[in-house]
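Trainee: Residue numbers (the working numbering): -10 to 377. The structure follows.
Written out as structure tokens, the structure is:
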């Protein structure tokens, strides 16, 4: 781990107790408090992948896994928001180098938010784009300096051909928050504090320079941290899940130390063989999930350092591993929640927040069960349709 990563990890560990103490506040506000956002910014969370030439830390992705996990253990929403915001330079690097440089002229702490699903339409007009669309799940949109929405590109009323035969071209359109609507839609069960509202624009002219290809673009900054943005983003989702599950185990162990005794039980929780089994099983499962995800992060990172992009077939087992790890984390949280007995369902219980957060996280497309099918098809030598 680099000196920069060690300093950042130390900073987030110092912040973790105060973040945990504000979890209910974060949930209620449905966004990160601005003073907490400022603390995370000052610590360097949003410049961890910014090149050093642009005032950033440019730490390695394996080190970032522990940093994001630490924040997610303190509060799931905080871990998620930092995850999204920290990946900003990975996607801004898909712009031209001149534009990338100009965005970081005023400092390294730039945050973008937006939607990856191509739910907009971008009409090519005189070399620029006329954009309309609405995108969901724009985590952190209320504090971002830039927003983006992925669009199907059309010309003369017809979708332009994409890189893969039979598909349409998709490009992400970037625009200032003042040019868009932020629609208050994030009334949800878990990860409430991420502010993942919908964003929308109508007939907005976007210069061609403010667009990039999320799935097939090539980075203008040739550093390992920009080499595999989609895989890095998926690995970070695994880190958030691991952090939430670790919090659940920490909470159930703390509950056991209080000598709590369930109704009709002859012994305290800590003395119960069933409780001991559940804690042991949960801890073992979490360690397996963490080790698997981190080994995948190491492998992807080492390939990037060597200048060897992960192949299409090579992506499938990585995505399947992350999916399995997230499913395992959900099972760990479920075990801890049940072991907590009658205290778990209350709003004041961290276990119920962990349960809500992990179940919401499992709905993300990056950890859908279909990744297991893709991995299986790859192993069997069958067509996968996997293209990113």
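Glycine is no exception: its CB is placed at the ideal position from the N, C-alpha and C atoms.
Can you tell me the Cβ-Cβ gap for residue 100 and residue 226, rounded? I've got them flagged as a contact below 8 Å.
Mentor: The Cβ separation is near 18 Å, so there is no contact.
Trainee: Can you give me the C-alpha to C-alpha distance between residue 22 and residue 36, rounded to a whole angstrom?
Mentor: Put simply, the backbone Cα of residue 22 is about 19 Å away from that of residue 36.
Trainee: Quick test of the definition: if touching needs 3 or more C-beta pairs under 8 Å, does the stretch 177 to 190 touch the stretch 108 to 122?
Mentor: yes
Trainee: Could you give the DSSP three-state label for residue 46: helix, strand or coil?
Mentor: coil
Trainee: Pop quiz: residue 161 and residue 137 are said to be a contact at Cβ under 8 Å. What is the actual Cβ separation, rounded to whole angstroms?
Mentor: 5 Å
Trainee: Report buried or exposed for residue 377, applying the criterion of at least 16 other Cβ atoms within 10 angstroms of its Cβ.
Mentor: For residue 377, the predicted model reports a pLDDT of 43, less than 50, meaning its position is unreliable and no value from the coordinates is stated.
Trainee: Residue 142 lies in the beta strand (DSSP E); which residues open and close that run?
Mentor: 135 to 144
Trainee: Just to confirm the assignment: which complete alpha helix (DSSP H) runs, minimum length 4, are found wholly within the stretch 27 to 82?
Mentor: 50 to 63, 65 to 75, 77 to 81
Trainee: Just to confirm the assignment, what range does the beta strand (DSSP E) spanning residue 164 have?
Mentor: According to the DSSP assignment, residue 164 belongs to the beta strand (DSSP E) that extends over 159 to 164.
Trainee: Are the CB atoms of residue 318 and residue 231 nearer to each other than 8 Å?
Mentor: yes
Trainee: In this structure, how does DSSP classify residue 264 when only helix, strand and coil are distinguished?
Mentor: helix
Trainee: Report the residue from 59, 54, 122, 271 whose alpha carbon sits nearest the alpha carbon of residue 170.
Mentor: 122
Trainee: So, at 6 Å on beta carbons, what are the nonlocal neighbours of residue 253 in its own chain, with the 5 sequence-adjacent residues on each side left out?
Mentor: Model confidence at residue 253 stands at a pLDDT of 49, short of 50, so the residue's coordinates are unreliable and nothing is read from them.
Trainee: May I ask you to list the residues that DSSP assigns as paired with residue 106?
Mentor: None; residue 106 has no bridge partner.
Trainee: Report all residues from its chain with a CB closer than 8 Å to the CB of residue 313; omit the five preceding and five following residues, and keep chain order.
Mentor: 278, 281, 361, listed in sequence order.
Trainee: What do you get for residue 223, buried or exposed, if any count of 16 or more other CB atoms within 10 angstroms of its CB means buried?
Mentor: buried
Trainee: Can the beta-carbon of residue 89 be found closer than 8 Å to that of residue 209?
Mentor: Going by C-beta atoms, residue 89 is nearer than 8 Å to residue 209.
Trainee: Ordered along the chain, which non-local residues of its own chain (more than five positions away) have a Cβ less than 8 Å from that of residue 332?
Mentor: 244, 249, 338, 340
Trainee: For the pair the stretch 290 to 308 and the stretch 263 to 276, tell me if three or more CB-CB distances fall below 8 Å.
Mentor: Between the stretch 290 to 308 and the stretch 263 to 276 there are fewer than three C-beta pairs closer than 8 Å, too few to call the two in contact.
Trainee: Return helix, strand or coil for residue 253, following the three-state DSSP convention.
Mentor: The pLDDT assigned to residue 253 is 49, lower than 50, so where the model puts this residue is not dependable, and the model offers no usable value.
Trainee: Measuring CB to CB, does residue 220 end up less than 8 Å from residue 289?
Mentor: Taking 8 Å as the cut-off, the Cβ atoms of residue 220 and residue 289 count as close.
Trainee: How far does the beta strand (DSSP E) with residue 190 in it extend, from its first residue to its last?
Mentor: Per DSSP, residue 190 is one residue of the beta strand (DSSP E) stretching across 186 to 195.
Trainee: Among 205, 182, 130, 66, which residue has its Cα nearest to the Cα of residue 172?
Mentor: 130
Trainee: Quick check on DSSP: helix, strand or coil for residue 117?
Mentor: strand
Trainee: Cutting at 7 Å between CB atoms, please list the residues of its own chain near residue 96, excluding the five before and the five after it.
Mentor: 44
Trainee: Can at least three beta-carbon pairs, one atom from the stretch -1 to 10 and one from the stretch 23 to 33, be found at a separation below 8 Å?
Mentor: yes
Trainee: Let me know the secondary structure DSSP gives residue 15 once reduced to three states.
Mentor: Assigned with DSSP and collapsed to three states, residue 15 falls in helix.
Trainee: For residue 203, report the span of its beta strand (DSSP E) as first-last.
Mentor: That residue, residue 203, is in no beta strand (DSSP E); it is neither H nor E in DSSP.
Trainee: Enumerated in chain order, which unbroken segments of the alpha helix (DSSP H) with a length of 4 residues or greater are wholly contained in the stretch 346 to 372?
Mentor: 359 to 369
Trainee: Between which two residues does the beta strand (DSSP E) harbouring residue 171 extend?
Mentor: 170 to 172
Trainee: Excluding five sequence neighbours on each side, which residues of the same chain lie with their C-beta closer than 6 Å to the C-beta of residue 287?
Mentor: Within the same chain, residue 287 has close Cβ partners 51.
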